[in-house]
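**Q** Mind looking over this structure? Questions follow.
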Amino acid sequence: MNLGKTWNPAVALTRVYGSDRKLADVLMAAEKVPSTKAMAAELQNWQVILWLYRMLEPRRVYSLLRVDEGASRNLFREYVEAYEEVVRILSTNT
Numbered sequence: 005m006n007l008g009k010t011w012n013p014a015v016a017l018t019r020v021y022g023s024d025r026k027l028a029d030v031l032m033a034a035e036k037v038p039s040t041k042a043m044a045a046e047l048q049n050w051q052v053i054l055w056l057y058r059m060l061e062p063r064r065v066y067s068l069l070r071v072d073e074g075a076s077r078n079l080f081r082e083y084v085e086a087y088e089e090v091v092r093i094l095s096t097n098t
């Protein structure tokens with residue numbers, strides 16, 4: 005996905021909330037509410053895509069999410085898996 009040509013709502017929401025961390029906090033809180041859970045999950049996916057596009061190292065994402073035993077740990081685990089896959093693909097194509 006070329007984010008230069010595709011609108012990513014996480015970009016706009018990061019600007020609105022002022023940082024990746026604040027947006028992540030809002031989305032994790034929204035995921036706990038049944039009426040906003042699905043939308044929050046979709047927006048978290050967009051945020052992960054944005055982080056992958058920016059090639060944020062896992063330790064940076066760990067810090068952004070302030071990983072604990074809850075939802076942030078699951079989101080972080082998903083990010084690490086995706087990051088490792090991107091790195092693997094890039095290393096085989098160079």
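Using the working numbering, the first residue of the sequence shown is number 5, and each one after it goes up by one.
The beta carbon of each residue, even a glycine, is placed where N, CA and C say it ideally should be.
Give the single residue among Glu89, Leu56, Arg92, Lys36 whose Cα lies nearest to the Cα of Ala14.
**A** Considering only alpha carbons, the answer is Leu56.
**Q** Starting from the C-beta of Val30, find all residues in its chain whose C-beta is less than 7 Å away, skip the five residues before and the five after it, and write them out in chain order.
**A** The residues are Tyr21.
**Q** Do you know offhand how far Arg70's Cα is from Thr10's?
**A** Roughly 29 Å between the two C-alpha positions.
**Q** If you run the structure through DSSP and keep just helix, strand and coil, what is Lys26?
**A** In the structure shown, Lys26 sits in a helix (DSSP, three-state: H, G or I).
**Q** Give the C-beta separation of Arg40 and Leu27 to the nearest angstrom, bearing in mind that I take them to be a contact with Cβ-Cβ under 8 Å.
**A** According to the sequence shown, residue 40 is Thr rather than Arg. About 14 Å separates the two Cβ atoms, so there is no contact after all.
**Q** Assign Asp72 to one of two classes, buried (16 or more other C-beta atoms within 10 Å of its C-beta) or exposed (fewer than that).
**A** Label assigned to Asp72: exposed.
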